[in-house]
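Scroll down for the structure; my scribbles are underneath it.
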Amino acid sequence: MNKERTETFPKDSMFYRFAFYGFLKNLKFFDPFIVLFFREAGLSFLQIGVLFAIRSIATNILEIPSGIVADLMGRRRSMIISFMGYIVSFVILYSLGGVFGFAAAAMLLFAVGEAFRTGTHKAMIMDYLERNGLSHLSVAYYGNTRSFSQVGSALSSVLAALLVLYTGSYRVVFLASTVPYIINLAMMTTYPKYLDGTRASGSSRLRTFLTFAKESFVDVARRPMLFRTMVSSSVCSANYKISRDYLQPIIKNWALLTPFLLVLEDTQRVAIVIGIVYGLIYLLTAIAARRSSAFQRKLKSTSRAMNVTFLLNAAVLLTAGLMITMGQFLIAVPVLVLVFIVENLRRPMVIGYVNEIADKKKLATMLSVDSQFSTLLIAIFAPLVGFIADIAGVGIALFAFGLLLLGAYPFSRVASVSHVSECEP
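Going by my numbering, the sequence shown runs without a break in its numbering and finishes at 1315.
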């Protein structure tokens, strides 16, 4: 019998601090309203696309120095820098987010928060488990702490909708978001010093990273199927990160065209509908992530499941774009929600497939290469899709993006793991 399932772990003060961190981290009240906030402030879709591209590029660029800082100064200080970056970015967006230059600065600070946080807290949990002889329970322990994160995500959209409903303003969500992050910053100072990890040389870490990165890029270039896998993964990831936020203006149009709670202000009506839709999204994505393995088994192979979900992404964009252009927002909204579901269904399969065909020692670096590809695509296509949305409408922009995705399929189609093993060294 699986020892990890039968043994329990102590739910001491550190467990609850780890869990509470995840809960607070996911109280991103701005997520369901950020595009509507920028649009209300007068920014074009092109400008919004540029802002998202800045955030994505900066996060990836800062990942190397953030790791060096964590090695030199300790993980707790790295996390504190992260939360300070988040908090200052929220304050700027609340105060001056309607000015493009200030919004860009806020995105850079948000990227500091993302880069200095990613992976650091998980490393602290694993370090704690190893020190306390609980490493064999890592999956159960980490899964339990992550369940608190899911609760935070579920509550986030509901609380954000209530805030907008009460105040009649989108900008308040940024001010409200500072509260959980300030609490997390304060809580980080209570973590024991040993969770800082072993201090290492920053130059040594940089050399190791650059060597591994070079070898991984060469490996990807030399192996056609690994290259296709990276293209498949990064294209779909970029599609998700670019297209998901266009759901907000579509929901707004739907809410305002529907004779629903007419006694309320337009902003309040939109807030209620967004709260309901995003609440359902978080529920459905959680189910999708858990059902990924079952979906894969139903299609009898990981490669087939990846190819089907790639084409499904294209079909979603084409259908949603067509429905928006025809003014059928009631159909467009649930169709575009599928972007969230497909990504959460697909991501575990991608990681599993890469794990099967890549060098196990380079798995983390391969996933980093995937992230770099995705960032490059976001940098190119987020502004482009925004530009098309400005001149031709959101529907045409999504339809065009869907055609582009469909055109990329021949270069993204992956083969079964057994076929890869036979054809590649």
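The C-beta atom is built at its ideal place from N, Cα and C for all residues, glycine as well.
- Secondary structure note for Val940: its alpha helix (DSSP H) is the uninterrupted segment Phe935 to Met963.
- Apart from the 5 residues on each side of it in sequence, Ala943 sits with its Cβ closer than 7 Å to the Cβ of Ile1268, Ala1269, Ala1272 and Pro1273 in its chain, given in chain order.
- Exclusion of the five residues before and after Gln1158 leaves Val1054, Leu1055, Gly1058 and Leu1151 as the residues of its chain whose Cβ lies within less than 8 Å of its Cβ.
- Collapsing the DSSP output to three states places Val989 in coil.
- Taking C-beta separations shorter than 6 Å and ignoring five residues to either side along the sequence, the partners of Ser934 in its chain run Asp1280, following chain order.
- In the DSSP annotation of this structure, the continuous segment of the alpha helix (DSSP H) that includes Gly1292 starts and ends at Val1284 to Ser1302.
- Comparing alpha carbon positions, the residue from Leu1170, Gly964 and Gly1297 closest to Phe1200 is Gly1297.
- Restricting attention to Ala1222, Met1213 and Val1206, the CA atom closest to the CA of Val1167 is found in Ala1222.
- By the C-beta criterion, the region 958-976 is judged to be in contact with the region 1006-1016, since at least 3 inter-stretch pairs fall below 8 Å.
- In its chain, beyond the 5 residues on either side, Asn950 have a beta carbon closer than 7 Å to the beta carbon of Gln1262.
- In the three-state scheme derived from DSSP, where H, G and I count as helix and E and B as strand, Ser1191 is classed as coil.
- When C-beta atoms of the region 1284-1304 are compared with those of the region 1205-1216, three or more pairs fall below 8 Å, so the two segments count as touching.
- If you keep only unbroken beta strand (DSSP E) runs of at least 3 residues inside the region 1209-1249, you get nothing at all.
- Just so you know, the alpha carbons of Val981 and Thr1068 end up roughly 8 Å apart.
- Secondary structure note for Thr1010: its alpha helix (DSSP H) is the uninterrupted segment Thr1010 to Arg1021.
- Out of Ile1278, Pro1300, Ser903 and Lys915, the CA that lies nearest to the CA of Ser1133 is found in Ile1278.
- When Phe1219, Arg1237 and Glu1155 are compared, the shortest CA-CA separation from Ala1195 is found for Arg1237.
- Apart from sequence neighbours up to five positions away, the residues of its chain that approach Leu1174 with a beta-carbon distance below 6 Å are Ile1231, ordered along the chain.
- Assigned with DSSP and collapsed to three states, Phe905 falls in helix.
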